[in-house]
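One structure below.
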Amino acid sequence: MRLGPRVAAEPSRRVLLRAALLSPAALLATSGCSREPAVLVTGSAPVQQVTAYRDHAERAVGLVEDLWGEGTVARPVRLDLPGDTARWAAVTGHPAEETEIPASLVSRGGVTTVVVHPGAWERLTAQGRQAVVTHEVTHLAQPEAEVPWWLREGTAEFTAHRSGSADPSLVAGQAWRQLAADPPARWPQPGAAGGRWATYAAAWSVCLVVAAEHGDEAVPRWHRAVADSGSLDEGTRQALDRTDEDLLRAWSAWWADQAPA
Numbered sequence: 085m086r087l088g089p090r091v092a093a094e095p096s097r098r099v100l101l102r103a104a105l106l107s108p109a110a111l112l113a114t115s116g117c118s119r120e121p122a123v124l125v126t127g128s129a130p131v132q133q134v135t136a137y138r139d140h141a142e143r144a145v146g147l148v149e150d151l152w153g154e155g156t157v158a159r160p161v162r163l164d165l166p167g168d169t170a171r172w173a174a175v176t177g178h179p180a181e182e183t184e185i186p187a188s189l190v191s192r193g194g195v196t197t198v199v200v201h202p203g204a205w206e207r208l209t210a211q212g213r214q215a216v217v218t219h220e221v222t223h224l225a226q227p228e229a230e231v232p233w234w235l236r237e238g239t240a241e242f243t244a245h246r247s248g249s250a251d252p253s254l255v256a257g258q259a260w261r262q263l264a265a266d267p268p269a270r271w272p273q274p275g276a277a278g279g280r281w282a283t284y285a286a287a288w289s290v291c292l293v294v295a296a297e298h299g300d301e302a303v304p305r306w307h308r309a310v311a312d313s314g315s316l317d318e319g320t321r322q323a324l325d326r327t328d329e330d331l332l333r334a335w336s337a338w339w340a341d342q343a344p345a
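So the sequence shown is numbered by the working numbering: it starts at 85 and just counts up by one.
In structure tokens:
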């Protein structure tokens, strides 16, 4: 259940004292709520960013649960907004100079947090920031069991862009053109030629093929079947009534159709 705007009662002195001890990010994320909020934001980013990312996260919960099912995202969704790249590196373990990763999940002590790169605000449009947050929130709804890397990331990308109106070729840009010019013959691999975004675009496109042939709801159903069975082929048979090799051929043929004339 998403929390909408609420009118707060006059705060007691104890509440005011507690608010004075909170960071601006935490205060914005929790003010006006008498129960645990849907989204909890921490970090030292500017107030404008805190407000925007909180809104993105609240919308992301709705977008994810519209596809994966109500209650699949545990509350509160925790966002951390480091104010600089040094803090980003310290929290995520990624190099401070890393610019291609707009957000990362960090789990400590049983608590998982979406950590947003401080440079993502300037590099991305509002739609792009929404997609990034929705992608990460999708991971919170996915089964914990291991699945192929491309299935995990592809279903997250599919969910992140599902509500958008832009053509995937426009969203992925050069990565899409690279894939169309050289249709893949095997499942996407992290670190493959073409860069990080090309591998994510390839993973996303597998889910586009599944959705086109079996419906959007088949995407999370397929992911869960693979996770539950521990086998890509068995999970694909259960969810899609086809083999993984058949799906691979269909995906390769789909990309061949995308190739420029």
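Ideal placement from N, C-alpha and C gives every residue a C-beta, glycine not left out.
Leu263 by DSSP, collapsed to three states: which one?
-> Leu263: helix per DSSP, three-state reduction.
Residue range of the alpha helix (DSSP H) that includes Ser191 = Per DSSP, Ser191 belongs to no alpha helix (DSSP H); it is in the beta strand (DSSP E), 187-192.
Please look up how many angstroms separate the CB atoms of Val198 and Val221, rounded, as I've assumed it's under 8 Å.
-> The beta-carbon separation of Val198 and Val221, rounded to 7 Å, stays under the 8 Å limit for a contact.
Which two residues bound the contiguous alpha helix (DSSP H) that contains Arg333?
-> First-last of the alpha helix (DSSP H) with Arg333: 328-342.
When we look at the beta-carbon of Pro166 and count the other beta-carbons within 10 Å, is it buried (16 or more) or exposed?
-> Taking all protein chains in view, the Cβ of Pro166 is crowded by 16 or more other Cβ atoms within 10 Å, so the residue is classified as buried.
Is Ala309 closer than 9 Å to Trp281 when the C-beta atoms are compared?
-> No.
What is the rounded straight-line gap between the Cα of Ala144 and the Cα of Val217?
-> Computed Cα separation, rounded: 7 Å.
6 Å CB neighbourhood of Gln342 in its chain, flanking five on each side removed = Closer than 6 Å at the Cβ level, and outside the excluded window around Gln342, lie Ala264.
Straight-line gap, Ser253 to Arg261 (C-alpha atoms, nearest Å) = Cα to Cα, Ser253 sits roughly 8 Å from Arg261.
Val231 (DSSP reduced to helix, strand or coil) | Assigned with DSSP and collapsed to three states, Val231 falls in coil, not helix or strand.
Span of the beta strand (DSSP E) around Gly127 | Element bounds for Gly127: 123-127.
Helix or strand or just coil, what does DSSP make of Arg159?
-> Arg159 carries a coil assignment under DSSP once its states are collapsed to helix, strand and coil.
Which same chain residues, not among the five before or five after Gly238, have their C-beta less than 6 Å away from its C-beta?
-> Around Gly238: Ala287, Trp288, Val290, Cys291.
Counting pairs of Cβ atoms below 8 Å between the region 144-155 and the region 240-250, do you hit three or more?
-> Using a C-beta cut-off of 8 Å, the region 144-155 makes contact with the region 240-250, since at least three inter-stretch Cβ pairs fall below that distance.
Cross-strand partners of Thr196 (DSSP beta bridge) = Residue pairing by DSSP puts Thr196 in a beta bridge opposite Ser191.
Quick one, are the C-beta atoms of Leu324 and Glu301 less than 9 Å apart?
-> No. Outside cutoff.
Gln133 versus Val161, His201, Pro179, residue with shortest Cα-Cα distance | Per the Cα distances, His201.
Leu324 in three-state terms, based on DSSP | Three-state result, Leu324: helix.
Alpha-carbon spacing of His219 relative to Glu241, whole angstroms = Between the C-alpha atoms of His219 and Glu241 there is a straight-line separation of about 6 Å.
C-alpha gap between Gly299 and Asp330, whole angstroms = Going from the Cα of Gly299 to the Cα of Asp330 covers about 17 Å.
Own chain partners of Ala170 with C-beta closer than 8 Å, once the 5 adjacent residues on each side are dropped = Non-local beta-carbon contacts of Ala170 in its own chain, meaning distances under 8 Å to residues more than five positions away in sequence, involve Ala180 in chain order.
Ser128 versus Arg162: straight-line alpha-carbon distance, rounded | Our two residues, Ser128 and Arg162, have alpha carbons roughly 14 Å apart in a direct line.
When DSSP labels each residue in this structure, what does Leu224 get in the three-state scheme?
-> It is helical.
Flag this pair as yes or no: are the beta carbons of Arg213 and Ala204 separated by less than 9 Å?
-> Yes, they are a contact pair.
To the nearest angstrom, report how far apart Pro160 and Ala340 are at their CA atoms.
-> Whole-angstrom Cα-Cα distance: 43 Å.
Would you mind working out which of Gln273, Gly153, Val157, Ala295 sits nearest Glu142, comparing C-alpha positions?
-> If you compare the alpha carbons of Gln273, Gly153, Val157, Ala295 with that of Glu142, the shortest gap goes to Val157.
Just confirm the distance between the C-beta atoms of Trp233 and Val293, as a whole number of angstroms; I'd bet it's less than 8 Å.
-> Contact doesn't hold; Cβ gap of about 18 Å is too wide.
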